[in-house]
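Take a look at the structure below.
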Amino acid sequence: MNPLTPSSPSAPARRRWLAAGAALGGTALAGCATPGPSSGPSLGRVVVVGGGFGGATVARYLRLWGGNVDVTLVERNAAFVSCPISNLVVGGYRQIGDVTRGYDTLKAAGVKVVQGDVVAIDPAGRKVRLANGTELAYDRLVLSPGIDFMSEQVGGLSAALDSGRIVHAWKAGPQTVALRNQLTAMPDGGVVAISIPKVPYRCPPGPYERACMIASYLKAQKPKSKLLVLDANPEVQSKKALFERAFADHYKGILEYRPNAEVKEVSSSVAKTDFDDVRADVLNIVPPQRAADIAQRAGVVNMNQRWVGVDWLTMESTAVKGIHVLGDATFPGPGMPKSGHMANQHAKVAAAAIVQLLKGDAVNATPVVMNTCYSFVTQRDVIHVASVHQYDAADKTFKPVPGSGGVSAAASELEGRYALAWADNIWADMLAA
Amino acid sequence: MNTPLRHGALGAIASGLLAASSPALAQDATLARNLAATCANCHGTNGQARGEMASLAGRPADQLLTILAGYRSGAIPATIMHQIVKGYTEPQLQLIAGHFAAQKPVR
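Going line by line, the protein sequences match chains P and Y.
Basically this note's numbering = 1-based index in the first sequence + 46.
Just so we're aligned: 42 in this note's numbering is position 47 of the second sequence, and the numbers increase by one with no gaps anywhere.
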């Protein structure tokens, strides 16, 4: 029996909760309410948890496509900080403000934006509770929670991250700035080590781009220094030939790439693998990852105790009805990367489907998603990987289209300009800027 | 990839493609909207792009389809569009082009 269907015995209770939630929400959110472009009866209430590439996009597109959908976005940070392009901040080629955007434009588009932390989800009662006690009722809930870290898998890492001695910089923001500051504080002749977890992790090319940005900085400013790239995987996981070319062409003598070098334990300045102890002045450990905590609390983590299974036609959880999940937290279709671009595409599938579901109409049976990831290999030169994924009705998943997609022929400044333009456009697309 | 769109190299072969599209698909404005939204990450919401990316909003459908056909065949050089265009069917590209043609051009 599904407790969430209107005919279920819990329906009267649910109606009470919805009424109570509406009153509470109305009080708590009066200051945030923004008049939307539409009037008339609401199609329904959607609460979105997480204001990153997936969450902001679904909020924006629900307003754009849904007409009078009541959309509330709950985000714990005051502003959006983009992981894509943030490796340029690590390299010293951009400031953190360059990859930060506010939510005012999204508010102007009619999305109620609430800064807060969702601490509990009640799928039967269809409501979420924030840390400050506010309860928000929903007809449809969207979780775009991103990832959290499995720091416990690396000995000593939790304590080192808590103390700030080691940074992950795998969620953009203060961590990005902290890594940059550690690099600038390091004397010339120092050693930097970056560790890459086994796949799957957020942004497959990201660690290799970061290696290039750090090496580029060292080459220009601290040429006696070294960068060790400790990869738990047997080889470079994205754009392999292009990254290897960049390592050889630009960073020979500075960057050393070590495959099958999983970091098992860290102290303040040593990373231990099965083979040796790597001493480093700056240790950037990218920890193993899983769907973020709130997904666990919502009961939607049903793949390998780590990720969220979804119905790809609606992005609805296969574990809990009424909860849609986007982005890095999902167990992906074949060849589907955990990327901001892909989260944006998930969000559009979800927005279209949720509008149809609220109207009681059939959802699109033939959705398409695509991905483009640009990576800087020097301050200006960029490489890409692209893919297009069509829904396969027989196997109920997105599949890459044979013969489509691919990588750059070579790194180029032209693609460097496109990478920055991509960022401007996707940030505007998600934030209604 | 921006040259043909920026400088408006035109062709006329696409009107034939449009005529061949299935009426059921052509009528599906929602599907067209959804498909076109997959382009927005680079080309802007509803094809209204910023900066260096080509704006698609308000461009005639046959012009867009001619350029896409050029990417597919290799006749028009590209950094990435030759790889992306091959992921979509011809009817899908027709819907996408029709959607962008109906949008307001960027200010």
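For glycine and all other residues, C-beta sits at the position ideal for the given N, C-alpha and C.
Cross-strand partners of residue i (DSSP beta bridge)
i, result
"Asp438 (chain P)", "P:Thr443"
"Pro420 (chain P)", "Note that residue 420 (chain P) is Tyr in the sequence shown here, rather than Pro. Bridge partners of Tyr420 (chain P): P:His430."
"Asp116 (chain P)", "P:Arg91"
"Ser363 (chain P)", "P:Val356"
"Thr376 (chain P)", "P:Val354"
"His392 (chain P)", "Beta-bridge pairing links His392 (chain P) to no other residue."
"Glu311 (chain P)", "P:Gly201 and P:Lys318"
"Ser458 (chain P)", "P:Val428"
"Arg336 (chain P)", "P:Asp194"
Residue i in three-state terms, based on DSSP
i, result
"Arg304 (chain P)", "strand"
"Tyr254 (chain P)", "helix"
"Asn330 (chain P)", "strand"
"Trp216 (chain P)", "coil"
"Ser450 (chain P)", "coil"
"Gly101 (chain P)", "helix"
"Phe321 (chain P)", "coil"
"Leu51 (chain Y)", "coil"
"Gly201 (chain P)", "strand"
"Val145 (chain P)", "helix"
"Val237 (chain P)", "strand"
"Glu121 (chain P)", "strand"
"Gln425 (chain P)", "coil"
"Ile400 (chain P)", "helix"
"Gln43 (chain Y)", "coil"
"Arg488 (chain P)", "The structure shown does not extend to residue 488 (chain P), since chain P spans only 47 to 479, so no value can be given for it."
Which listed residue (the options) has its alpha carbon closest to that of residue i
i, options, result
"Leu176 (chain P)", "P:Val346, P:Lys285 and P:Val164", "P:Val164"
"His387 (chain P)", "P:Lys394, P:Trp358 and P:Asn417", "P:Asn417"
"Phe126 (chain P)", "P:Thr443, P:Asp144 and P:His296", "P:Asp144"
"Gly373 (chain P)", "P:Val354, P:Leu359, P:Pro380 and P:Thr364", "P:Val354"
"Val332 (chain P)", "P:Leu119, P:Ala469, P:Ala206 and P:Ala261", "P:Ala206"
"Gln89 (chain Y)", "Y:Ser50, Y:Ala56, Y:Gly82 and Y:Ala70", "Y:Ala56"
"Ile142 (chain P)", "P:Leu225, P:Arg426, P:Ala155 and P:Phe422", "P:Leu225"
"Val346 (chain P)", "P:Leu288, P:Leu329, P:Leu187 and P:Gly379", "P:Leu187"
"Gly379 (chain P)", "P:Pro246, P:Gly156, P:Val223 and P:Arg106", "P:Pro246"
"Ile400 (chain P)", "P:Ala166, P:Tyr184 and P:Val135", "P:Tyr184"
"Gly113 (chain P)", "P:Ile131, P:Arg140 and P:Gly156", "P:Gly156"
"Cys258 (chain P)", "P:Leu460, P:Pro87, P:Asn471 and P:Thr424", "P:Thr424"
"Asp441 (chain P)", "P:Ala457, P:Leu460, P:Tyr420 and P:Ala411", "P:Ala411"
"Asp327 (chain P)", "P:Arg291, P:Gln228, P:Asp194 and P:Ala396", "P:Gln228"
"Lys28 (chain P)", "P:Lys298, P:Ile193, P:Arg325 and P:Val316", "With chain P covering only 47 through 479, there is no way to say anything about residue 28 (chain P)."
Pairwise C-alpha distance: residue j and residue i
i, j, result
"Asp168 (chain P)", "Gly449 (chain P)", "44 Å"
"Gly90 (chain P)", "Thr61 (chain Y)", "42 Å"
"Arg54 (chain Y)", "Val115 (chain P)", "30 Å"
"Val104 (chain P)", "Val94 (chain P)", "8 Å"
"Ala469 (chain P)", "Asp475 (chain P)", "10 Å"
"Leu110 (chain P)", "Ala239 (chain P)", "45 Å"
"Ala341 (chain P)", "Gly42 (chain Y)", "34 Å"
"Ala465 (chain P)", "Val428 (chain P)", "7 Å"
"Ser454 (chain P)", "His296 (chain P)", "17 Å"
"Gln78 (chain Y)", "Gly148 (chain P)", "33 Å"
"Met361 (chain P)", "Asn29 (chain Y)", "15 Å"
"Val431 (chain P)", "Gly452 (chain P)", "6 Å"
"Ala479 (chain P)", "Thr319 (chain P)", "45 Å"
"Arg426 (chain P)", "Arg211 (chain P)", "31 Å"
"Ala24 (chain Y)", "Val200 (chain P)", "51 Å"
"Ala97 (chain Y)", "Pro280 (chain P)", "49 Å"
"Pro269 (chain P)", "Trp358 (chain P)", "49 Å"
"Gly368 (chain P)", "Ala294 (chain P)", "50 Å"
"Lys153 (chain P)", "Val92 (chain P)", "15 Å"
"Leu404 (chain P)", "Lys384 (chain P)", "28 Å"
"Pro58 (chain P)", "Gly179 (chain P)", "With a pLDDT of 36 at Pro58 (chain P), under the threshold of 50, the modelled position of this residue cannot be trusted; read the value that follows with caution. The alpha-carbon atoms of Pro58 (chain P) and Gly179 (chain P) are separated by roughly 23 Å."
beta-carbon residue i near the ligand GTP non-hydrogen atom, thresh 7 Å
i, result
"Val200 (chain P)", "For the ligand GTP, the structure offers nothing, since it holds no ligand at all."
Residues of its chain near residue i, where Cβ-Cβ distance is below 6 Å and the 5 sequence neighbours each way are ignored
i, result
"Ala92 (chain Y)", "Ala56, Leu59 and Leu60"
"Arg352 (chain P)", "Arg336"
"Val414 (chain P)", "Gln436"
"Ala32 (chain Y)", "none"
"Lys120 (chain P)", "Note on residue identity: the sequence assigns Val, not Lys, to residue 120 (chain P). Taken in chain order, the residues that qualify are Val95, Val160, Gly162 and Val164."
"Ala12 (chain P)", "Absent from the structure is residue 12 (chain P), since the part of chain P shown begins at 47 and ends at 479."
Own chain residues within Cβ distance below 8 Å of residue i, not counting five before or after
i, result
"Gly381 (chain P)", "Ser433, His435, Lys445 and Pro446"
"Asn123 (chain P)", "Gly97, Gln161 and Gly219"
"Ser271 (chain P)", "Met232, Asp234, Gly235, Gly236, Val237, Val238, Leu264 and Ile300"
"Gln221 (chain P)", "Val213, His214 and Ala215"
Interface flag, residue i vs chain A, CB-CB below 8 Å
i, result
"Ala294 (chain P)", "This model lacks chain A altogether, as its protein chains are P and Y."
Same chain, Cβ closer than 7 Å to residue i, neighbours up to 5 away in sequence not counted
i, result
"Ser511 (chain P)", "Lying outside 47 to 479, the shown extent of chain P, residue 511 (chain P) is not represented and no answer is given."
"Phe95 (chain Y)", "Ala31, Gly42, Leu51, Ala52, Arg54 and Leu59"
"Thr364 (chain P)", "Asn348, Gly355, Val356 and Asp357"
"Gln283 (chain P)", "Val245 and Pro250"
"Leu134 (chain P)", "Arg140, Met259 and Phe422"
"Asn306 (chain P)", "Pro280"
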